[in-house]
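Asker: In our numbering, each number is its position in the sequence shown, counted from 1, plus 186.
Note that CB positions come from ideal geometry on N, CA and C, so glycine has one too.
Computed from a predicted structure; not experimentally measured.
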Amino acid sequence: MSPTAARARRAKPRTSRSHRASGALAIAVLGVLIPGTAYLAAGRKRLGAVITTLSVLLYGAAAYVVLLRRDDVIQWALDPSVLTGMIAGLVVVGLFLVVVLVTSYKMLRPLQAGVLARLGGALVVGLVCFSIASGSALGAQNLVAQRSLVTKVFAGEKSKSGTAPKIDQKDPWATLPRINLLLLGADDGEGRKGARADTVMVASIDTHTGETSLISMTRNFMRMPFPKDHPLHKVFPTGYWDPSDPHEEQPEYYLDAMYRNVPPKYGDLLGESDNKGADVLKLSVGEALGLKLHYYVQINLAGFEQMVGALGGITVNINYPVPVGGDDDKHIPPGRYLQPGPDRKLNGFDALWFARGRYQVPGADLARQARQRCTIKAIVERATPQNVLTHYQEIAAAGEQLIRTDIPQTLLGDLAGLGAKVKTAKIRNIDLDKKKNFPSGQNPNYAGLRAIVEKALSGTPATPRPTTPPATKPTGKPSPSGDLSDSCAYNPTN
Numbered sequence: 187m188s189p190t191a192a193r194a195r196r197a198k199p200r201t202s203r204s205h206r207a208s209g210a211l212a213i214a215v216l217g218v219l220i221p222g223t224a225y226l227a228a229g230r231k232r233l234g235a236v237i238t239t240l241s242v243l244l245y246g247a248a249a250y251v252v253l254l255r256r257d258d259v260i261q262w263a264l265d266p267s268v269l270t271g272m273i274a275g276l277v278v279v280g281l282f283l284v285v286v287l288v289t290s291y292k293m294l295r296p297l298q299a300g301v302l303a304r305l306g307g308a309l310v311v312g313l314v315c316f317s318i319a320s321g322s323a324l325g326a327q328n329l330v331a332q333r334s335l336v337t338k339v340f341a342g343e344k345s346k347s348g349t350a351p352k353i354d355q356k357d358p359w360a361t362l363p364r365i366n367l368l369l370l371g372a373d374d375g376e377g378r379k380g381a382r383a384d385t386v387m388v389a390s391i392d393t394h395t396g397e398t399s400l401i402s403m404t405r406n407f408m409r410m411p412f413p414k415d416h417p418l419h420k421v422f423p424t425g426y427w428d429p430s431d432p433h434e435e436q437p438e439y440y441l442d443a444m445y446r447n448v449p450p451k452y453g454d455l456l457g458e459s460d461n462k463g464a465d466v467l468k469l470s471v472g473e474a475l476g477l478k479l480h481y482y483v484q485i486n487l488a489g490f491e492q493m494v495g496a497l498g499g500i501t502v503n504i505n506y507p508v509p510v511g512g513d514d515d516k517h518i519p520p521g522r523y524l525q526p527g528p529d530r531k532l533n534g535f536d537a538l539w540f541a542r543g544r545y546q547v548p549g550a551d552l553a554r555q556a557r558q559r560c561t562i563k564a565i566v567e568r569a570t571p572q573n574v575l576t577h578y579q580e581i582a583a584a585g586e587q588l589i590r591t592d593i594p595q596t597l598l599g600d601l602a603g604l605g606a607k608v609k610t611a612k613i614r615n616i617d618l619d620k621k622k623n624f625p626s627g628q629n630p631n632y633a634g635l636r637a638i639v640e641k642a643l644s645g646t647p648a649t650p651r652p653t654t655p656p657a658t659k660p661t662g663k664p665s666p667s668g669d670l671s672d673s674c675a676y677n678p679t680n
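As structure tokens, then:
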């Protein structure tokens, strides 16, 4: 036999063994998708049948839960004890898949496989095992972040609040057609002792449709009332102000100063609470608007940019130059302006100043309120399931630092379901009509405010004042329809 013929004869078994090795590798890797099938291919019929049957049953159960019991999935994702079980379960599943892959390949791999085939197979199996472990670890990290967010931010059994209501946990929306949330932006910036609630807004949400009405309160409201049955009403029967000097502006009695000033002096009248400043505002703002405020959500404006950054920025329409920085009182001009334009993509820092910039802006408070409503709308639109999942750990970490609330953990599942409705429903503004109801911050017409809110929420919107489209210099006026899609649109005039 010639040397060439001998080499050809020796080559055939190598090619055949190579094909058998690659086939075994493919079956083992694909067997991870339906664990147990690779065991069947290896001739371990009893073991393979048991594991394959369990895998199919688990896939079917998962499909049933995801497709038909989504509300339960949301509830589980917001329950700390269930999340702990999910974390452990995910780790177990990851280890199980790695074991199945390795043992399947060892059963299927031909014993006479060459060195290159064995090395290549080991490399592929190692990479797949690494992918499984990495995926399990990432999922577990997200679940840990979710559990930490729920337990640290939302009220647990040991939380204290003097204003949080008792709501039927089994069917909270059955007797609650609207839920009213107090949204606070606390400004604890440099040079301020304690926190001021610079942003005070109420979100009134229809629990059946998700339609949301936003009501903004101007920061310099004075004589804020308290409910007649509350002890603070006896201390301030004509509202929160100093009657000894009725003709002067009293900044320390403004709405935005109540969060900081009331609890130190009158905290004993508020009972036990984790956040007495928020309780003061829930009582007073609710009385001013004629609404029962159920819960509050407080965001630290100093860290607001972290949350927007975690979302990957927001997109807004800018109709006039918005100052970044600046101080009217100290006559310090801003370093720059956010320039007008449609669909402006803002990072966290610029989004913060879009929401709060006021240096020499005409009608600064009302203009800022309008931009804050547009900021909320932009965040709601940006928080898509895909975007939230992609940046979940950053969002959860930001949430722990930025958010305080008395919303109980037991209500989170129902609120998450309501939040899905809010994303697809209309968000509108209720204009409190500044000219009619508070000609100055010293003596607002709270009876007039209550009438406007009641009429708007009853389904018969109050007749709006004549308005003009957003101008180069802001008017602070909402759109006639009150729909934020209109008032937040790009519509500058020359």
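Are the CB atoms of methionine 387 and serine 399 nearer to each other than 7 Å?
Answerer: Taking 7 Å as the Cβ cut-off, methionine 387 and serine 399 do not qualify as a contacting pair.
Asker: Kindly give me the distance between the Cβ atoms of asparagine 483 and leucine 369, rounded to whole angstroms, as I take these residues to be in contact under 8 Å.
Answerer: With the sequence shown as reference, residue 483 is identified as valine, and asparagine is not the correct amino acid for it. 6 Å between Cβ atoms; contact.
Asker: So the candidates are Gly511, Leu635, Asp354 and Leu670; which of them puts its Cα closest to the Cα of arginine 557?
Answerer: Nearest of Gly511, Leu635, Asp354 and Leu670 to arginine 557, Cα basis: Leu670.
Asker: Below 8 Å, how does it come out for the segment 383-397 and the segment 359-366: are there three or more Cβ pairs, yes or no?
Answerer: With the cut-off at 8 Å, the segment 383-397 and the segment 359-366 touch.
Asker: Kindly indicate which residue of Thr501, Gly342, Arg554 and Ala582 has the alpha-carbon position closest to the one of alanine 564.
Answerer: Ranking Thr501, Gly342, Arg554 and Ala582 by Cα distance to alanine 564 puts Thr501 first.
Asker: Under the DSSP definition of a beta bridge, which residues are partnered with glutamine 579?
Answerer: Answer is none; glutamine 579 lacks a bridge partner.
Asker: Going by DSSP, which residues form a beta bridge with valine 510?
Answerer: According to DSSP, valine 510 bridges with Arg522.
Asker: Any idea what DSSP makes of isoleucine 692, helix, strand or coil?
Answerer: The structure shown does not extend to residue 692, since the chain is modelled only from 187 to 680, so the question has no answer here.
Asker: Going by C-alpha to C-alpha distance, which of Phe282, Gly599 and Leu264 sits closest to alanine 319?
Answerer: Ranking Phe282, Gly599 and Leu264 by Cα distance to alanine 319 puts Phe282 first.
Asker: For glycine 476, collect the residues of the same chain with a Cβ closer than 7 Å to its Cβ; drop the 5 residues on either side in sequence, then sort them by chain order.
Answerer: The residues are Arg636, Val639 and Glu640.
Asker: Measure from the alpha carbon of threonine 576 to the alpha carbon of each residue in Thr238, Arg530, Trp262 and Gly498, then state which is nearest.
Answerer: For threonine 576, the nearest C-alpha among the options comes from Gly498.
Asker: Apart from the five residues on each side of it in sequence, which residues of its chain come closer than 8 Å, Cβ to Cβ, to histidine 419?
Answerer: Result list for histidine 419: Pro411, Phe412 and Pro413, in chain order.
Asker: At 3 residues or longer, and completely inside the segment 458-493: list those beta strand (DSSP E) runs for me, N to C.
Answerer: Listed in chain order, they are 481-486.
Asker: Please classify glycine 457 as buried or exposed, where buried requires at least 16 other C-beta atoms within 10 Å of its C-beta.
Answerer: Per the 10 Å Cβ criterion, exposed.
Asker: Just to confirm before moving on: does the CB-CB distance between tyrosine 445 and leucine 467 stay below 7 Å?
Answerer: For tyrosine 445 and leucine 467, yes; Cβs fall inside 7 Å.
Asker: Closer than 6 Å by C-beta to proline 449: which residues in its own chain qualify, once you throw out the five before and the five after it? Chain order, please.
Answerer: So the qualifying residues of the chain are Lys462 and Gly463.
Asker: Just to confirm the assignment, what range does the alpha helix (DSSP H) spanning proline 266 have?
Answerer: Element bounds for proline 266: 266-294.
Asker: Suppose you measure from the CA of tyrosine 523 to the CA of proline 507; what does that come to, to the nearest Å?
Answerer: One C-alpha to the other measures close to 6 Å.
Asker: What is the C-beta distance between alanine 214 and leucine 294, in whole angstroms, given that I count them as a contact (C-beta under 8 Å)?
Answerer: Alanine 214 to leucine 294, Cβ: 6 Å. Contact.
Asker: Can you confirm whether the segment 302-313 touches the segment 333-353 when touching is taken to mean that 3 or more C-beta pairs between the two stretches lie within less than 8 Å?
Answerer: Counting Cβ pairs under 8 Å, fewer than three are found: no touch.
Asker: Quick check on DSSP: helix, strand or coil for threonine 649?
Answerer: In this prediction, threonine 649 has a pLDDT of 40, which is less than 50 and means its spatial position is unreliable; what the coordinates show is noted afterwards. Note: threonine 649 maps to coil in three-state DSSP.
Asker: Which whole-angstrom value is the C-beta distance of aspartate 257 and glycine 599, which I expect to be below 8 Å?
Answerer: That belief holds up - the Cβ atoms of aspartate 257 and glycine 599 are roughly 7 Å apart, short of 8 Å.
Asker: Shortest alpha-carbon distance to aspartate 454 belongs to which of Leu479, Val421 and Leu254?
Answerer: When each option's Cα is compared against that of aspartate 454, the closest is Val421.
Asker: Taking just the CA atoms, how far does leucine 216 sit from phenylalanine 490?
Answerer: In a straight line, the C-alpha of phenylalanine 490 is about 45 Å away from that of leucine 216.
Asker: For lysine 531, collect the residues of the same chain with a Cβ closer than 7 Å to its Cβ; drop the 5 residues on either side in sequence, then sort them by chain order.
Answerer: Gly499 and Thr501, listed in sequence order.
Asker: Between which residues of its own chain and arginine 333 is the CB-CB distance below 7 Å, once the five residues before and five after are set aside?
Answerer: Pro266, Leu269 and Thr270.
Asker: In angstroms, rounded to a whole number, what distance separates the CA positions of arginine 544 and glutamine 555?
Answerer: Taking the straight line joining both Cα atoms gives about 10 Å.
Asker: Under 7 Å between the Cβ atoms of glycine 348 and serine 470?
Answerer: Contact: no.
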